[in-house]
Every structure is written in structure tokens, then in C-alpha cells.
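Asks:
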Amino acid sequence: MFWVLLLLLAWAVAGTACTRLCLAAVRAAAVDSDPVQRDLTLYEAAFLSGGPRRVADLTMVSMARQRRLLLAHTGWATVVDPRGRDEIEESVIGAIGPEGQNRIAPVRAAAAAADAVGNLGDRLVRAGLAVPPGARTTVAAAVRQVRLAVPAVLALGATALLAPAQPAMPRGLVALWFALPLALSLSCLAIARVEAHPYSRWASPAGQRLLGTLARRPSDGDDRTYLTCVAVRGVHAVGEPDLRAAFAHRDRV
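Under our numbering, residues 193 to 445 are what the sequence shown spells out, in order.
#1: Do the CB positions of Ala206 and Val345 come within less than 7 Å of each other?
#2: Please go through the stretch 238-322 and give each complete alpha helix (DSSP H) segment of 4 or more residues, from N-terminal end onward.
#3: By the three-class DSSP mapping on this structure, what secondary structure does Ala395 have?
#4: Does the beta-carbon distance from Ala202 to Pro373 come in below 7 Å?
#5: I need the straight-line Cα distance from Gly349 to Phe370, nearest angstrom please.
#6: On the DSSP bridge list, what partners appear for Met193?
#7: Looking only at C-alpha atoms, which of Thr251, Ser241, Cys214, Val317 sits nearest to Asp278?
#8: Quick one, which of Ala238, Leu198, Arg212 has its alpha-carbon nearest Gln400's?
#9: By Cβ distance, which residues of its chain are closer than 8 Å to Gly292, with the 5 residues on each side in sequence left out?
#10: Met193 to Val218, Cα distance in whole Å?
#11: Report, in whole angstroms, the separation of the C-beta atoms of Asp249 and Val427, which I expect to be a contact under 8 Å.
#12: Along the alpha helix (DSSP H) that carries Ala355, what are the first and last residues, could you check?
#13: Would you mind sorting Ala304 into buried or exposed? The rule is 16 or more other CB atoms within 10 Å of its CB.
#14: Roughly how many whole angstroms lie between the Cα atoms of Leu263 and Gly313?
#15: Using CA coordinates, which residue listed in Ser254, Leu215, Pro244 is at the minimum distance from Arg416?
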């Protein structure tokens with residue numbers, strides 16, 4: 193009964209993946225147990241959209257637009273004004289170093305790892321807007337695992353059907369047995385799509401709703417609207433060619 197062993201393996205793959213997804217969804221719902229309704233700062237929007245590195249990107253873009261930081265198209269950052277207006281700007285300046293010039297890539301990494309950004313994340317977690325560090329990527333990773341379980345179950349089922357015929361078990365019945373773990377996996381994906389999508393690494397469901405209100409606000413063309421786009425969409429929303437070239441060079445490093 194070789195096909196029975198394959199069926200047990202298919203159930204193990206599908207059951208493990210679906211169980212992980214259900215547990216991740218429960219933990220994500222627990223984070224949203226006390227939703228908060230308030231306006232987000234630009235730093236908060238950046239963190240919820242892209243995590244610590246998005247905060248570093250936003251800070252550098254904001255300082256560059258104010259001519260307090262020069263971001264060259266060659267991928268270098270140069271300090272023009274050494275006085276930061278808040279602790280996150282001070283982290284960026286400190287990451288550039290005492291020489292006042294450094295590559296954008298290490299500056300971004302160091303600023304993202306700074307205590308100021310970590311404290312921002314902790315405040316968002318306490319407010320119920322961000323996913324706790326231990327649960328980050330859980331839902332998204334669980335969904336990916338269920339997606340991988342679908343072709344795995346199909347492959348196991350195909351292997352069982354291609355194996356030598358079992359006199360006591362028609363092939364149609366064998367296929368029906370394998371259809372059960374396949375149906376479980378597909379139904380879990382469908383439920384996750386309805387209940388948990390988009391699968392955010394950083395924002396809780398409450399945080400995603402607040403980000404949604406930012407996206408729906410009318411654009412008035414001012415600097416805050418521009419920076420809001422950078423916070424939510426990342427450096428791809430940068431409009432200035434020189435700034436865009438600087439970050440593009442960073443991405444190639």
C-alpha cells in the first residue's frame with residue numbers, strides 16, 4: 193500500500209502548513225484586540241509600511257529635500273547641517289560618521305538599527321499598530337508554506353497514481369483521498385486571502401487600516417504629501433532624478 197504512505201505524507205505537509213497559518217492568524221488577531229484610531233506621523237507610517245529601513249530612507253530623503261544632507265548620484269551621503277532636529281535625524285548623522293561623509297548603504301543599515309528607530313517600533317507595538325518582533329513575517333511565511341503545500345500534495349498524488357495499480361483500490365478513489373488535503377490547503381489560502389490580506393510584515397490589522405486612510409487622502413502637492421508617499425511606497429516614490437539615482441546606486445551595491 194505504497195499510496196497510503198504518500199497520502200499520510202500529503203496530510204502531514206498540508207496539516208502542518210495549515211495549522212501554522214491558523215496559529216499565525218490567531219496571533220495577528222490578538223495584536224488587533226484593542227485597535228487605535230489616530231493620525232500617524234511620517235516616521236510611524238514609514239515603519240508600518242517598510243520597517244526600520246524605510247524610516248532611514250524617509251529621514252534621508254527629508255533631510256536632502258531641506259538641503260541639510262547631500263545624497264549624490266554616486267551613492268554617497270554628505271552632511272551639510274550637523275544638527276539633527278530629532279533623535280532619528282541624529283541617528284542618521286551619527287551613522288554617517290565624524291568625517292561627515294559615507295556611503296548610503298551602510299548609513300541606511302546603521303540608522304535602521306539605531307535605538308531611536310527601535311524605540312519607535314516598540315511604541316507602535318504597544319499601541320497595537322505594529323506586529324511584535326517575534327510574530328513578524330509569521331502570517332506571510334505561513335501563507336507561503338501553504339502555497340508550497342499545494343504543489344507538494346499534487347506531486348504526491350501524481351506519484352501515487354503513477355505507481356503500479358493496487359487491485360484493492362481503484363485509481364479514482366486514490367485521487368479522491370488526495371483531493372482532501374488539497375482541498376484543505378486551498379480553502380485555508382482562500383480564507384487567509386479574505387481575512388488576513390494584505391500580509392504585512394510590520395503593520396498589524398489596525399496599523400494597515402490607518403495606512404489605508406493615508407492612501408485615500410487627497411493629494412495637495414505639499415511637501416508632507418510628498419514625504420507621505422515616500423513613507424508608504426518607499427524610495428520608488430522619489431521624484432527628483434538626482435535623489436532617485438542616489439538610491440538606485442545604493443540598490444546596486
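Cβ atoms here follow ideal geometry from the backbone N, Cα and C, with glycine treated the same way.
No experiment lies behind these values; they were computed from the predicted model shown.
Replies: So, from the listed chains and residues:
#1: Taking 7 Å as the Cβ cut-off, Ala206 and Val345 qualify as a contacting pair.
#2: Within the stretch 238-322, the complete alpha helix (DSSP H) runs of at least 4 residues are 244-257, 279-288, 296-304, 307-318.
#3: Ala395: strand per DSSP, three-state reduction.
#4: Cβ distance < 7 Å, so Ala202 and Pro373 count as in contact.
#5: Rounded to the nearest angstrom, the two C-alpha atoms are 6 Å apart.
#6: Answer is none; Met193 lacks a bridge partner.
#7: Checking every option, the nearest Cα to that of Asp278 belongs to Thr251.
#8: Sorting Ala238, Leu198, Arg212 by C-alpha distance to the C-alpha of Gln400 places Ala238 at the top.
#9: Taking C-beta separations shorter than 8 Å and ignoring five residues to either side along the sequence, the partners of Gly292 in its chain run Thr270, Val271, Pro274, following chain order.
#10: Taking the straight line joining both Cα atoms gives about 38 Å.
#11: Taking C-beta atoms under 8 Å as the contact rule, Asp249 and Val427 qualify, at a distance of about 5 Å.
#12: Looking at the DSSP string, Ala355 is not in any alpha helix (DSSP H), and its letter there is neither H nor E.
#13: By the 10 Å Cβ count, Ala304 comes out buried.
#14: As the crow flies, the alpha-carbon of Leu263 is around 26 Å from that of Gly313.
#15: Checking every option, the nearest Cα to that of Arg416 belongs to Ser254.
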